[in-house]
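Asker:
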Amino acid sequence: MSDDNIYVTKPFLPDLSSFMPYLEKIWQSRHLTNGGPFHQRFEATLADYLGVEHVSLFANATLGLLTALQALRVSGEVITTPYSFVATSHVLLWNRATPVFVDIDPDTFNIDPEKIEAAITPATSAILAVHVYGRPCAVDRIEEIARRHKLRVIYDAAHAFGVRPDSGSLFRHGDMSVLSFHATKVFNTFEGGAIISADAETKLHVDRLKNFGIADEVTVIESGINGKMNEFQAALGLLQLEHIEDVITRRRRIEDRYRRALSDCKGIVLARPPNDLRGNHSYFPILVMDDFPLTRDGLYARLAEKAIFARRYFYPLISELSMYRTLPSATPANLANAMRVAARVLCLPIYPDLSDDECDRVIDAIRAC
Ligand code: T4K
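Right under this line is the structure:
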């Protein structure tokens with residue numbers, strides 16, 4: 000990667016020297032995985048930070064989502080959003096469930112709760128919603144619908160680490176939330192993730208499922224998988240947690256800079272910041288409208304010519320991919336808002352080490368159009 004290139008994100012890493020004592024401990028103990036001391040400490044520290052009780056660490060969020068569906072015995076049809084990363088729907092196919100796509104709210108980019116009920120059938124077992132870009136879903140409305148129809152609710156919270164609604168932890172909602180600690184996320188352990196369960200019994204079940212279904216040395220009571228986080232990841236997670244507030248503050252500064260410079264830019268629409276919460280500034284999506292001199296793809300290409308690699312998260316929609324587009328709910332007429340947003344969205348570079356000069360390079364390149 001050339002130094003002049005500006006990517007959509009760059010992972011935050013603390014000083015290497017501050018990680019050495021952790022590595023030395025791992026090397027000394029030879030306890031590398033399977034719920035070692037760093038795993039235990041990170042799980043407890045994370046629960047504290049997130050304001051929840053029941054955290055299960057995972058090797059990545061995709062394994063977390065797969066396991067969440069298994070733990071809740073989700074089957075049949077699952078209501079979900081086409082406006083997400085493919086992992087959200089792929090885990091349904093891997094669990095032999097059928098995704099039923101519901102359109103999004105064009106302001107929040109999240110599943111539109113008012114369109115969920117029309118998609119429920121006797122085969123529906125769950126709602127899998129995504130807090131897209133870390134903007135919370137309409138959790139109260141979704142859960143009220145789920146209660147009435149006896150549906151499970153799983154939140155794909157891959158983007159939502161560090162988001163703090165004034166009303167309390169976002170991760171106390173639904174049956175489970177699944178976080179991602181991938182390199183491209185606000186908080187990273189290279190790869191990693193976690194499930195937050197609503198109660199101790201469910202956490203125990205999740206912990207067993209992620210360890211092959213093993214109950215004790217001689218007892219395997221169900222067909223689990225290997226979803227475990229290792230000691231290296233857990234140690235890094237502990238160290239990263241010490242920096243998370245600073246990371247979010249630096250991201251907020253960049254978002255503010257973009258907002259000040261682009262809010263009056265003709266043809267560029269900035270997503271409204273969500274109310275009543277401390278956001279995590281994980282993404283900075285803009286919509287490129289018809290009165291901008293270039294199309295969205297034109298702007299994407301113009302930025303790339305200047306070594307600025309913005310990303311079209313989330314285009315194409317999941318529902319447009321070959322393994323989904325024949326589903327009845329994937330028809331474009333059913334997903335008009337999602338189609339419109341996917342055709343216009345561009346996520347601008349945002350990460351803690353993005354300098355003011357680099358941020359201004361992005362701003363100038365857009366304004367020069
Ligand atoms: N649910 C949702 C809603 C998600 O967004 C995701 C993941 C998941 C579930 C699944 O979570 P995990 O199982 O991964 O924990 C990336 C990530 O691979 C993916 O994790 C993420 N969502 C998705 C939104 O973005 P790509 O294909 O765009 O990544 P890539 O490799 O093109 O990276 C983007 C840019 O980041 C690069 O241009 C440079 C920079 N980068 C990336 C990596 C991996 C670095 O600077 N260093 C790195 O190590 O999918």
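Those letters in the sequence shown? Residues 0 to 368, per numbering that gives the first Met the number 0, in order. For every residue, glycine included, the Cβ atom is placed at its ideal position computed from N, Cα and C. Keep in mind the model is a prediction, meaning the values are calculated, not measured.
Report the rounded CA-to-CA distance for residue 154 versus residue 145, giving the unit in angstroms.
Answerer: Position 155 of the sequence shown, counting from 1, holds the residue named residue 154. Position 146 of the sequence shown, counting from 1, holds the residue named residue 145. Rounded to whole angstroms, residue 154 to residue 145 spans 13 angstroms at the Cα level.
Asker: For residue 71, which of 91, 347, 335 has the nearest alpha-carbon?
Answerer: Numbered from its first residue, the sequence shown carries residue 71 at position 72. Per the Cα distances, 91.
Asker: Do you know how far the Cα of residue 185 is from the Cα of residue 243?
Answerer: As a working note, residue 243 is residue 244 in the sequence shown. As a working note, residue 185 is residue 186 in the sequence shown. The straight-line gap from Cα to Cα measures roughly 8 angstroms.
Asker: Give the single residue among 314, 281, 295 whose Cα lies nearest to the Cα of residue 8.
Answerer: Residue mapping note: residue 8 aligns to position 9 of the sequence shown, counting from 1. Measuring from the Cα of residue 8, the nearest candidate turns out to be 281.
Asker: Going by DSSP in three states, residue 361 sits in which element: helix, strand or coil?
Answerer: By one-based count along the sequence shown, residue 361 stands at place 362. The answer is helix: DSSP assigns residue 361 an H, G or I state.
Asker: Check the C-beta distance from residue 169 over to residue 162 and give it rounded, since I have them as a contact under 8 angstroms.
Answerer: As a position in the sequence shown, residue 169 is number 170, starting the count at 1. As a position in the sequence shown, residue 162 is number 163, starting the count at 1. Indeed, because the Cβ distance is near 6 angstroms, the residues count as touching under 8 angstroms.
Asker: Look at the Cβ atom of residue 298, then the Cβ atom of residue 365, and state whether they are nearer than 9 angstroms.
Answerer: Here residue 298 refers to the residue found at position 299 of the sequence shown. Here residue 365 refers to the residue found at position 366 of the sequence shown. Going by C-beta atoms, residue 298 is nearer than 9 angstroms to residue 365.
Asker: In its own chain, which residues sit with a C-beta less than 6 angstroms from the C-beta of residue 294, not counting the 5 before and 5 after it?
Answerer: As a position in the sequence shown, residue 294 is number 295, starting the count at 1. Nothing meets the Cβ criterion.
Asker: With H, G and I counted as helix, E and B as strand and the rest as coil, what does DSSP make of residue 76?
Answerer: The residue labelled residue 76 in the question sits at position 77 within the sequence shown. In the structure shown, residue 76 sits in a strand (DSSP, three-state: E or B).
Asker: Have a look at 139, 187, 96, 78 and flag the residue whose alpha-carbon is nearest the alpha-carbon of residue 150.
Answerer: On the sequence shown, residue 150 is found 151 positions in, with the first residue counted as 1. Of 139, 187, 96, 78, the residue nearest in Cα terms is 78.
Asker: Across the stretch 263-272 and the stretch 116-127, are there enough close Cβ pairs to call them in contact, namely three or more that are closer than 8 angstroms?
Answerer: No, the stretch 263-272 does not touch the stretch 116-127.
Asker: Between which two residues does the alpha helix (DSSP H) harbouring residue 335 extend?
Answerer: Along the sequence shown, read from residue 1 onward, the residue named residue 335 stands at position 336. 335-343 is the extent of the alpha helix (DSSP H) around residue 335.
Asker: Quick check: residue 236 and residue 58, are their CB atoms within less than 9 angstroms of each other?
Answerer: Position 237 of the sequence shown, counted from the start, is the residue given in the question as residue 236. Position 59 of the sequence shown, counted from the start, is the residue given in the question as residue 58. Contact: no.
Asker: Mind checking which residues open and close the alpha helix (DSSP H) that includes residue 16?
Answerer: Taking the first residue of the sequence shown as position 1, residue 16 is located at position 17. From DSSP, the alpha helix (DSSP H) with residue 16 extends over 15-28.
Asker: Under 6 angstroms Cβ to Cβ from residue 64, same chain only, skipping five residues before and after it: list those, please.
Answerer: Counting from one through the sequence shown, the residue named residue 64 turns up at place 65. Excluding sequence neighbours, residue 64 sits near 90, 177.
Asker: Using DSSP's beta-bridge definition, name the partner residues of residue 192.
Answerer: Taking the first residue of the sequence shown as 1, we reach residue 192 at position 193. Paired residues: 57, 179.
Asker: Would residue 57 count as contacting chain C if we go by Cβ distances under 9 angstroms?
Answerer: Looking at the structure shown, chain C is missing, and only one protein chain is on hand.
Asker: What do you reckon, are the CB atoms on residue 312 and residue 10 nearer than 9 angstroms?
Answerer: Reading the sequence shown from its first residue, position 313 is the one you call residue 312. Reading the sequence shown from its first residue, position 11 is the one you call residue 10. No.
Asker: So for residue 332, helix, strand or coil by DSSP?
Answerer: Here residue 332 is taken as the residue at index 333 of the sequence shown, counted from 1. Helix.
Asker: When burial is assigned at 16 or more other CB atoms within 10 Å of the CB, is residue 372 buried or exposed?
Answerer: As shown, the chain starts at 0 and ends at 368. That puts residue 372 outside it, with no answer to give.
Asker: Kindly examine the ligand T4K and report whether one of its heavy atoms sits closer than 8 angstroms to the Cβ of residue 448.
Answerer: Nothing can be reported for residue 448: it is not among the residues displayed for the chain, which extend from 0 to 368.
Asker: Does the separation of the CB atoms of residue 182 and residue 18 fall below 9 angstroms?
Answerer: Against the sequence shown, residue 182 aligns to sequence position 183. Against the sequence shown, residue 18 aligns to sequence position 19. No, the pair does not count as a contact, with Cβ atoms beyond the cut-off.
Asker: Tell me whether residue 79 counts as near the ligand NAP, meaning its Cβ is closer than 8 angstroms to at least one heavy atom of that ligand.
Answerer: Although the ligand NAP was asked about, the structure shown includes only the ligand T4K as ligands.
Asker: Would you mind giving the Cβ-Cβ distance between residue 173 and residue 152, rounded to the nearest angstrom? I have them listed as a contact below 8 angstroms.
Answerer: Start at 1 with the first residue of the sequence shown, and residue 173 comes out as number 174. Start at 1 with the first residue of the sequence shown, and residue 152 comes out as number 153. Their Cβ separation, rounded to whole angstroms, is 4 angstroms, which keeps residue 173 and residue 152 in contact under 8 angstroms.
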